[in-house]
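Undergrad: Numbering (my numbering), first residue to last: 1245 to 1453. Have a look at the structure that comes next, please.
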Amino acid sequence: MPITNDDVHAWLKAFAARVQEEKSYLTRLDSAIGDGDHGQNLNRGLQAALDRVGNEDDIATTFRNTAMALISKTGGASGPLYGTFFMDAGKAAPESDELTLEHWAIMMRAGLGGVIRRGKAETGEKTMLDSITPAVESLEQAAQAERDLREALLAAATAAEEGMKATIPMIATKGRASYLGERSKGHQDPGATSSYYLFEAAAKALGNG
Ligand code: ADP
Ligand code: MG
């Protein structure tokens, strides 16, 4: 089953619901190595996105409207980064109103490219890139192997989760957590955690046909 615009809306809803549910947890993670606002920030941005998004005719517009809401309402470092993720992923959307796994992998790769460009970070620096990158690589491998969409989305969520956990022993070298240096060790990165929810939500909401 391909991914439709309705599926994309369901994905955003599932992501927003998960972030709302875990708002305090995300904020707690950010209190340990940042300034304790990640849950609030992202919840505010995603609720704004849900208010704004709904009547788009095509997937590219849904992504663009989500990006604009996230950029204007999220705040913090994560707002522009998530905003750019959605903006660049949307720009890579094909004309078609139904996406294959291959399209999805291309869009997620473009979103990742936007985060890298804007944040000037790379994997291993204890940021959201540590969950997004393995998830995108997993999607690309699955697309190449012509795997089933559902299976591919589940594998990508698992890859993101592992990437999230792998941030625990890392020393942050980007973002606020980098101010702590060595003391950032032993804490899971809040942005990598919310990015895991993004891919977890995809596995839940997309390709159910
Ligand atoms: P702020 O750090 O401004 O308070 P948030 O708390 O909303 O913003 O988001 C913090 C998260 O943003 C971090 O956990 C990290 O994952 C992510 N982040 C910060 N800087 C960068 C960067 N340069 N590149 C990628 N992700 C980053
Ligand atoms: Mg913060």
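Ideal placement from N, C-alpha and C gives every residue a C-beta, glycine not left out.
1. Buried or exposed, going by whether 16 or more other CB atoms sit within 10 Å of the CB of methionine 1245?
2. May I ask you to report which of helix, strand or coil DSSP gives glutamate 1390?
3. Please confirm whether arginine 1248 and glutamate 1342 have their CB atoms less than 9 Å apart.
4. At a cut-off of 8 Å, would you count histidine 1347 as near the ligand MG, judging by its Cβ distance to the nearest heavy atom?
5. Three or more beta-carbon pairs under 8 Å between the segment 1428-1447 and the segment 1253-1265, yes or no?
6. Is proline 1435 near the ligand ADP, judged by its Cβ being under 8 Å from some heavy atom?
7. With distance defined between alpha-carbon atoms, name the residue in Leu1383, Glu1339, Ser1340 nearest to leucine 1356.
8. Is it buried or exposed, tyrosine 1423, if we count other Cβ atoms within 10 angstroms and call 16 or more buried?
9. If you follow the alpha helix (DSSP H) that asparagine 1452 is in, where does it begin and where does it stop?
10. Tell me, please, whether the segment 1292-1307 touches the segment 1408-1420 by the rule of three or more beta-carbon pairs shorter than 8 Å.
11. Leaving aside the five residues before and after arginine 1394 along the sequence, list all residues of the same chain whose C-beta is less than 7 Å from its C-beta, in chain order.
12. Can you tell me whether alanine 1321 sits near the ligand MG, meaning its C-beta is under 8 Å from at least one heavy atom of the ligand?
13. Pick out whichever of Lys1317, Ala1311, Met1312 has its Cα sitting closest to the Cα of histidine 1282.
TA: Taking the geometry as given:
1. exposed
2. coil
3. Here residue 1248 is threonine; the residue named in the question, arginine, does not match the sequence. Yes.
4. no
5. yes
6. A small fix is needed here, since residue 1435 is glycine in this sequence, not proline. For the ligand ADP, at least one heavy atom lies less than 8 Å from the Cβ of glycine 1435.
7. Leu1383
8. exposed
9. That residue, asparagine 1452, is in no alpha helix (DSSP H); it is neither H nor E in DSSP.
10. no
11. Gly1451
12. yes
13. Lys1317
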